[in-house]
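Novice:
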Amino acid sequence: MALAIETLTLSHFRSHRAAELSVGPGPVAIHGPNGSGKTNVLEAVSLLSPGRGLRRAGPGEIARRPEGVGWRVGAVVGRHGDRHAIDTRAEPGATRTVRVDDKAVPQVALGRIARIVWLVPAMDRLWTEGAEGRRRFLDRIALSFEPTHAEAALAYEKAMRERNRLLKDGADDPAWYAALERQMARSGAAVQDNRLHAVRRLTEAQAGAVTAFPAAGLSLTGDDPPGEEALAAAFRNGRRTDMYAGRTLAGPHRADLAALWAEKGVEARLASTGEQKALLLSLVLANARALAEDLGTPPILLLDEVAAHLDAGRRAALYAEIEALGAQAWMTGTGAELFEALREGATRVAASEDGGASLLRAA
Amino acid sequence: MTGFGHNSEDEAEGRIEALAEMMARLPGLGPRSARRAVLHMLQRRDLLMTPLADAMHDVAAAARECVQCGNLSTAETCAICREERRANGEICVVEDVASLWAMERAGAFRGRYHVLGGLLSALDNVGPDDLRIPRLRGRIADEGVREVILALPATVDGQTTAHYVADAVEGSATVSTLAQGVPVGGELDYLDDGTIGAALRARRSL
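One line per chain: the protein sequences are A and D, in this order.
FYI, our numbering numbers position 101 of the first sequence as 130, with every residue one higher than the one before it.
FYI, our numbering numbers position 174 of the second sequence as 175, with every residue one higher than the one before it.
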């Protein structure tokens, strides 16, 4: 059986005071009016993977107000008959902690149990806004294939911040620069490899699929000389210009992801809003297919307000693809009718607001 | 409790409480364990508390950094640097005295040490001049050192410092670093992916 959440428990999590959901292995459709706490459920699921979740929120932002007593998400996650109880929480003012099967573990351990991939409305402008969002999107995909990607990215960031400080201070110690640049080059090359691997896997997964969604031709661009040697040389030779700028001007932190709507030969940023959404969905589905091939199970998908930009035909095609993939896809929408095309096995949940707290019930 | 006015009784209580609060600032102790320690000492005043206070007073006055290696000592040169047998041509470079003690506890290293007194970090305002790097170069020449072993943390700052030191002593001695990988008695199942990767890269033939 594919990776799936069996039960999900929320306690003082944003709008939810206390909620418990039992869900089947197939799609999970949550419908309800605006402000009824649908996305909060998806955010809770996203915290079953390492990092800050789909809103990139700090642990203090998540606690339900006005109580402010901290929050907790519990889940039983099954995969191939293997079951794990995950508990993640944060006390007020403290960082988030994780327990798996009642043992305290570091956050990265979550990556080995559940791969979780998401698409949220904030990503709708991904192709038209700055490169930072696209790098983050690509890094999440890279992380889904390669859990050590986070460590490489963190090491690169840390060494670069050290170097940037030297540049700002106008430090003149070639050996110190060289020591930092060696580490930037090594971790930066690992970041590049993981990103390239992600792009390659997405491209392969799109090419081999029968899908109603448009394929995106992906490429990496930006001031990012490929390979450890080239990076080290760029850092070494760039010290003077970097010092004028007060920061490092080349490297993986300056990379960008370019997407071409393959069929029409149009850059993604020039496509219509609906087509841009379709391209993103296509990439998320390709990510899921590639992970299913690599790991023997598709990831859990979180598709927030996914139906909003899709016509009825595309919506039905999306549901059919999710069902064919066998992925547990958590989807939200304002009305139950948006999910009519889902087959019988889906878990349907109605969300509403009741006396200042969200209420979830099976529909 | 006759003979004590109300105020001086409060004051005495306050001093015990203040001692417990000071103890609670020590690593490994919290407010409860600090109070337990104070109570334990008070119950063994002559046997434990007074000798402990004397010892603390003595060490606070006498402790200093070894002029050779930076280790803590009560003499100008520490016991390790004084011991001739340990001049075996090897120097182990460590971040701080805690690392030196960890190495000594293992008992595996028979040479001398060099305590840097920190790690390079531009963000924390620690530069090469704040570390004992020039002194290390001097020692290599003076003590006939053949190998410098870098036992520094596997963090960004630790490795930056390692590269910097390696560069600074290049040509005057062989430089090596501690291996990274599977801990002794460790099971692969419990290792993080980064460590497994490092262990695989550092594999050797049997």
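Just so it is clear, CB atoms sit at the ideal spot from N, CA and C, and this is done for glycine as well.
Remember, it's a predicted structure, so these values are computed and weren't measured experimentally.
In terms of residue numbering, what span does the alpha helix (DSSP H) encompassing H41(D) cover?
Specialist: H41(D) -> alpha helix (DSSP H) spans P32 to Q44.
Novice: Just confirm the distance between the C-beta atoms of P129(D) and L121(D), as a whole number of angstroms; I'd bet it's less than 8 Å.
Specialist: About 7 Å separates the two Cβ atoms, so the contact holds.
Novice: Go through its chain and collect everything with a Cβ distance to A180(D)'s Cβ below 6 Å, but skip five positions before and after it.
Specialist: Excluding positions up to five away in sequence, the list reads A203.
Novice: Mind checking the segment 103-135 of chain D against chain A and listing, in chain order, the residues whose C-beta falls within less than 8 Å of any C-beta there?
Specialist: Those would be L121, S122, A123, L124, G128 and P129, in chain order.
Novice: Going residue by residue through the segment 298-367 of chain A, where are the continuous alpha helix (DSSP H) segments of at least 4 residues, counting only ones entirely within it?
Specialist: The segment 298-367 of chain A contains these whole alpha helix (DSSP H) runs: 302-324 and 341-354.
Novice: Between which two residues does the alpha helix (DSSP H) containing K394(A) stretch?
Specialist: Absent from the model: residue 394(A). The displayed extent of chain A is 30 to 392, so no value can be given.
Novice: Scan the segment 115-126 of chain A for residues whose Cβ lies nearer than 8 Å to a Cβ of chain D and list them as they occur along the chain.
Specialist: Hits within the stretch: zero.
Novice: Sort out for me which residues DSSP pairs V129(A) with in a bridge.
Specialist: V129(A) pairs with I115(A) and K132(A).
Novice: Check distances from the C-beta atoms of the segment 152-168 of chain D to those of chain A and list, in chain order, the residues that come in under 7 Å.
Specialist: Listed by position, the residues of the segment 152-168 of chain D near chain A (Cβ gap below 7 Å) are V157, Q160, T161, H164, Y165 and D168.
Novice: Please specify which runs of the alpha helix (DSSP H), each continuous and at least 4 residues long, are wholly inside the segment 105-173 of chain D, giving them in chain order.
Specialist: Qualifying alpha helix (DSSP H) stretches, in chain order: 134-143 and 157-170.
Novice: Please determine, among G99(A), A160(A), R128(A) and N266(A), the residue with the shortest C-alpha to C-alpha distance to L249(A).
Specialist: Considering only alpha carbons, the answer is A160(A).
Novice: Using the rule of at least 16 other Cβ atoms within 10 Å of the residue's Cβ for burial, across every protein chain shown, is F5(D) buried or exposed?
Specialist: Per-residue confidence for F5(D) stands at a pLDDT of 47, beneath the threshold of 50, marking its modelled position as unreliable; no derived number is given.
Novice: Would D111(A) be called buried (16 or more neighbouring beta carbons within 10 Å of its own) or exposed?
Specialist: When all chains shown are included, D111(A) counts as exposed.
Novice: With H, G and I counted as helix, E and B as strand and the rest as coil, what does DSSP make of G280(A)?
Specialist: It is coil, neither helix nor strand.
Novice: Mapping DSSP to helix, strand and coil, what is V239(A)?
Specialist: Correct three-state label for V239(A): coil.
Novice: For the segment 234-246 of chain A against the segment 185-200 of chain A, are there 3 or more C-beta pairs whose distance is under 8 Å?
Specialist: Touching, no, given that fewer than three Cβ pairs across the two stretches are closer than 8 Å.
Novice: If you run the structure through DSSP and keep just helix, strand and coil, what is H41(A)?
Specialist: Three-state DSSP puts H41(A) in a strand.
Novice: Measure the alpha-carbon distance for R215(A) versus E257(A) and round it to whole angstroms.
Specialist: Going from the Cα of R215(A) to the Cα of E257(A) covers about 6 Å.
Novice: Counting only beta-carbon separations shorter than 8 Å, does L209(A) have a partner in chain D?
Specialist: Chain D, which has a Cβ nearer than 8 Å to the Cβ of L209(A), makes this yes.
Novice: I think Q357(A) touches V70(A), with their Cβ atoms under 8 Å apart; what is that distance to the nearest whole Å?
Specialist: In fact, because the Cβ distance is near 13 Å, the residues do not count as touching under 8 Å.
Novice: Any beta-carbon of chain D closer than 8 Å to the one on V129(A)?
Specialist: So, not an interface residue.
Novice: Using three-state DSSP, classify D252(A) as helix, strand or coil.
Specialist: If DSSP states are grouped into helix, strand and coil, D252(A) belongs with coil.
Novice: What in chain A is Cβ-close to G195(D), meaning under 8 Å?
Specialist: Here the neighbours are T177 and E180.
Novice: Between L153(D) and A167(D), is the Cβ-Cβ spacing less than 8 Å?
Specialist: For L153(D) and A167(D), no; Cβs fall outside 8 Å.
Novice: What do you get for Q44(D), buried or exposed, if any count of 16 or more other CB atoms within 10 angstroms of its CB means buried?
Specialist: Answer is exposed; the Cβ neighbour count stays below 16.
Novice: Does the segment 162-177 of chain A come close enough to the segment 88-102 of chain D that 3 or more CB-CB pairs lie under 8 Å?
Specialist: The segment 88-102 of chain D is not in contact with the segment 162-177 of chain A.
Novice: Give the secondary structure of C79(D) by DSSP, where H, G and I count as helix, E and B as strand, and everything else as coil.
Specialist: It is coil, neither helix nor strand.
Novice: As a quick exercise: from V134(A), R269(A) and G103(A), pick the residue whose alpha carbon is nearest that of L195(A).
Specialist: The shortest C-alpha separation from L195(A) is found at R269(A).
Novice: In angstroms, rounded to a whole number, what distance separates the CA positions of Q386(A) and S51(A)?
Specialist: Checking the sequence shown, residue 386(A) turns out to be Ala, not Gln. Spanning the two alpha carbons is a distance of roughly 19 Å.
Novice: Report the neighbours of G198(D) on chain B: residues whose CB is nearer than 9 Å to its CB, in chain order.
Specialist: The structure shown contains no chain B; its protein chains are A and D.
Novice: E373(A) to G246(A), Cα distance in whole Å?
Specialist: Cα to Cα, the separation comes out at about 35 Å.
Novice: Could you run through the segment 192-222 of chain A and flag, in chain order, every residue whose CB is less than 8 Å away from some CB of chain D?
Specialist: Listed by position along the chain: R192, R194, L195, D198, A200, D202, A204, W205, A207, A208, L209, R211 and Q212.
Novice: With distances taken between CB atoms, is the gap from G66(A) to S44(A) smaller than 8 Å?
Specialist: Yes, Cβ-Cβ distance for G66(A) and S44(A) is below 8 Å.
Novice: Alpha carbon to alpha carbon, how far is A262(A) from V149(D)?
Specialist: Cα-Cα distance, rounded: 28 Å.
Novice: Is V57(A) close to chain D, meaning its C-beta is less than 8 Å from at least one C-beta of that chain?
Specialist: By this cut-off, V57(A) is not an interface position.
Novice: Once you ignore the five residues that flank T36(A) on each side, which residues in its own chain have a CB closer than 6 Å to its CB?
Specialist: Only S51 and V105 meet the Cβ criterion.
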